[in-house]
Amino acid sequence: MDEIINRENPQKLYLQLEEIIKKKIEDKEWTVASKIPTEEELCKIYGVSKAPVRAAILELVRQGYLMRQQGKGTFVCKKVISEGLTMLTSFRELMLEAGINFSTEVLAQTVMMPTDDLDIKLNIPENKHVIYIKRLRTVDNEPVLLQEAYIPYHICPPLLNEDVANNSLFDIFEKKHGIKITKVKDYIEIIYLNADESRRLGLSEGSAALLLTQHFYAGDTQIMYMRSVKRPDRFRFLIELERRAA
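The working numbering puts the first residue of the sequence shown at 120, with every later residue one more than the last.
Below you can see the structure in the form of structure tokens.
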């Protein structure tokens, strides 16, 4: 029998659903590579709206329990990184191989309302404003990486007036505003460029590229979501892992 969503429980609905789905996967009731019910089916099974279903699935995709396939559905997958490993990183803003000197062009630095899944990705109400920063990284005048950052406006309003072309967002957060980044979740996948991405990177629309999505936290509070699209033919992302001491 399926577990029940308890509406008297102070825990948010999407967190309850996330735990239910995770338990089904860990108990092998839903096996690796199997397709899970659609969002509409999950809404009917658990008597909730689409918002908590989407939030639960998105978080489990982030954690490596689920994988979305365009036009096919959502599938159970193995976790990529074991719980005994942790990212070794100095929280540098651009994760390219060492020794690469780049320049930055700021394409946008403004305020917007959340669109698509942004409210879920940032864990904020959908009526809250977001600071949007879009930058193009070039090496020897050749576009290499298109980067978009989304920050809940209330986290750091002065960011709208900061020099984000010549300063790291990390340095602005930590050194100027005392917001210390304590955790980053990174996800890498292959995507196919849309019209704007292909134009900015000098590639044909539909070309394959690398996508790095990052979720930045200060304690338990998510302070930024960043999306970086990189040409596949220039340089590499660098991620190191080390085993956490017992």
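Ideal placement from N, C-alpha and C gives every residue a C-beta, glycine not left out.
Under the three-state reduction of DSSP output, Y269 falls in the strand class. Within the segment 131-211, the complete alpha helix (DSSP H) segments at least 4 residues long are 132-145, 158-165, 169-182, listed from N- to C-terminus. Of the candidates G321, I310, S326, Q341, the residue whose Cα lies closest to the Cα of Q188 is I310.
In the DSSP secondary-structure assignment, P262 is bridged to T257. Here the alpha carbon of R173 sits roughly 12 Å from the alpha carbon of P156.
Close CB contacts of S153 within its chain, under the 6 Å cut and outside five residues either way in sequence, are with V195 (chain order). When C-alpha distances from T229 are compared across T332, P271, P244, the shortest belongs to P271.
Residue pairing from DSSP places R346 in a beta bridge opposite E267, T332. Residue pairing by DSSP puts I252 in a beta bridge opposite Q228, A268. Residue pairing by DSSP places V283 in no beta bridge whatsoever.
In the structure shown, S317 adopts helical secondary structure according to DSSP, grouped into three states. Judged by DSSP in its simplified three-state form, I307 adopts strand. Per DSSP, reduced to three states, the secondary structure at K240 is helical.
Partner residues in the beta bridge of S222, as assigned by DSSP, are T257. Here the alpha carbons of E261 and L241 stand approximately 32 Å from one another.
Taking a 10 Å sphere around the C-beta of S347, we find 16 or more other C-beta atoms and assign the residue as buried. Taking the Cα of N313 as reference, the smallest distance to any Cα among K304, T301, L330 is reached at L330.
For K299, the secondary structure class from DSSP, reduced to helix, strand or coil, is coil.
Contact between the segment 279-289 and the segment 318-333 is absent: fewer than 3 CB-CB pairs across the two stretches fall below 8 Å. A direct Cα-to-Cα measurement between I239 and H296 gives close to 25 Å. Taking P233 as reference, the option from V283, G166, H273, V249 with the minimal CA-CA separation is V249.
Under the criterion of beta carbons closer than 8 Å, E224 and L255 qualify as touching, at roughly 5 Å.
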